[in-house]
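Note that my numbering has the sequence shown beginning at 885, numbered continuously upward.
Glycine is no exception: its CB is placed at the ideal position from the N, C-alpha and C atoms.
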Amino acid sequence: MTQVHVMDHPLIVHKLSLMRDKCTGSKEFREAVSEISSLLCYEASRELPMKEVEIETPVSRSKVSIISGRKIALVAVLRSGMGMVEGALKLIPNAKVGHIGLYRDPKTMQPVEYYCKLPTDVATSEVLLFDTMVATGGTMNAAIQFLRNHGANNIKVLCILASANAVKVITDENPDVQIYCAAVDNDVNESGYIVPGMGDAGNRMYGTK
885 MTQVHVMDHP LIVHKLSLMR DKCTGSKEFR EAVSEISSLL CYEASRELPM KEVEIETPVS
945 RSKVSIISGR KIALVAVLRS GMGMVEGALK LIPNAKVGHI GLYRDPKTMQ PVEYYCKLPT
1005 DVATSEVLLF DTMVATGGTM NAAIQFLRNH GANNIKVLCI LASANAVKVI TDENPDVQIY
1065 CAAVDNDVNE SGYIVPGMGD AGNRMYGTK
């Protein structure tokens, strides 16, 4: 099974190009995050189990297929992951939402936890884990481990942009986790930013510095 899915749909490629442009404002950046997230979520949910039920249309009775009740948890890595969850909720409005607060120490580049709040049934849910950018893979691996510590064993990572090294770091440590992203860039600079990337996604999304 393919572990890394790079979504090169023209709509995603176009919206990502807008996000990369330093002239794109916060409003447009947030909108692009939400829109790309919806498209990634659409693809990541392709394998949800279905069941057949009988309904009555305005014309006759008919057998149709619906999602078979699989519980879904949308978990955001704070803070930029929040914008992605908003886009996913448009497709799966009944999903439960969790948050994991992590930041990367600027000196050690290691993830530091400051918050974790997950749905009580995360262990029996299909978990979609969101972070806008995955630069080194360390923070995402830490988030995956937090989920595993709470019993989750069905995890998919959704990000807009990842570095090639981060993808390798995540897949090497988590061979059962699938990654859905809009693009993979080759490099990370000395400050830990993806190159060419799109800058600090959280700051650009919320207009902070």
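With DSSP as the reference, please indicate the residues paired to residue i in a beta bridge.
| i | result |
| --- | --- |
| VAL1079 | ASP1071 |
| VAL981 | LEU958 |
| GLU940 | ARG945 |
| THR1064 | The question names Thr, yet the displayed sequence has Tyr at residue 1064. Paired residues: HIS889, LEU1042. |
| ARG988 | PRO995 |
| GLU1010 | ILE956 |
| VAL1018 | ALA1046 |
Can you tell me whether DSSP reads residue i as helix, strand or coil?
| i | result |
| --- | --- |
| HIS1034 | coil |
| MET934 | strand |
| PRO894 | helix |
| SER964 | coil |
| LYS1001 | strand |
| ILE950 | strand |
| SER1047 | strand |
| ASP1084 | coil |
| SER929 | coil |
| ASN1058 | coil |
| THR1023 | helix |
| GLY909 | coil |
I'd like to check one pair, residue j with residue i: are the Cβ atoms closer than 8 Å?
| i | j | result |
| --- | --- | --- |
| ALA1067 | VAL943 | no |
| ALA957 | PRO1003 | yes |
| HIS983 | ALA1007 | no |
| LEU1045 | ALA928 | no |
| LEU1042 | MET934 | no |
| SER918 | GLY971 | yes |
| VAL888 | VAL1051 | yes |
| ILE896 | ILE920 | yes |
| ALA855 | ASN1070 | Outside the displayed range of the chain (885 to 1093) lies residue 855, so it cannot be described from this structure. |
Any idea if residue i is buried or exposed, counting beta-carbon neighbours within 10 angstroms, 16 or more meaning buried?
| i | result |
| --- | --- |
| GLU1010 | buried |
| LEU932 | exposed |
| CYS907 | exposed |
| TYR1064 | buried |
| ARG1134 | Residue coverage of the chain in this structure runs from 885 to 1093, which leaves residue 1134 outside it and unanswerable. |
| GLY1022 | buried |
| PRO995 | buried |
| SER1075 | exposed |
| VAL832 | Residue 832 is absent from the model: the chain starts at 885 and stops at 1093. |
| VAL959 | buried |
| VAL1072 | buried |
| LYS911 | exposed |
Let me check you understand the geometry: is the CB of residue i closer than 7 Å to at least one non-hydrogen atom of the ligand NAD?
| i | result |
| --- | --- |
| MET1017 | Judged by which ligands are present, the structure shown has none, so any question about the ligand NAD falls away. |
When the cut-off is 8 Å and only beta carbons count, does residue i lie next to chain C?
| i | result |
| --- | --- |
| GLY1022 | Judged by its chain identifiers, the structure shown contains no chain C, having just a single protein chain. |
Subject >> Touch test, the stretch 919-929 against the stretch 942-949, Cβ-Cβ under 8 Å, three pairs minimum >> reply: no
Original post:
Quick check: the stretch 964-976 against the stretch 1009-1028, are there 3 or more CB pairs under 8 Å?
Top reply: yes
Original post:
Would you say the stretch 1069-1082 touches the stretch 903-912, given that touching needs at least three Cβ pairs under 8 Å?
Top reply: yes
Original post:
If you pair each beta-carbon of the stretch 1054-1069 with each one of the stretch 1019-1032, do three or more pairs fall below 8 Å?
Top reply: yes
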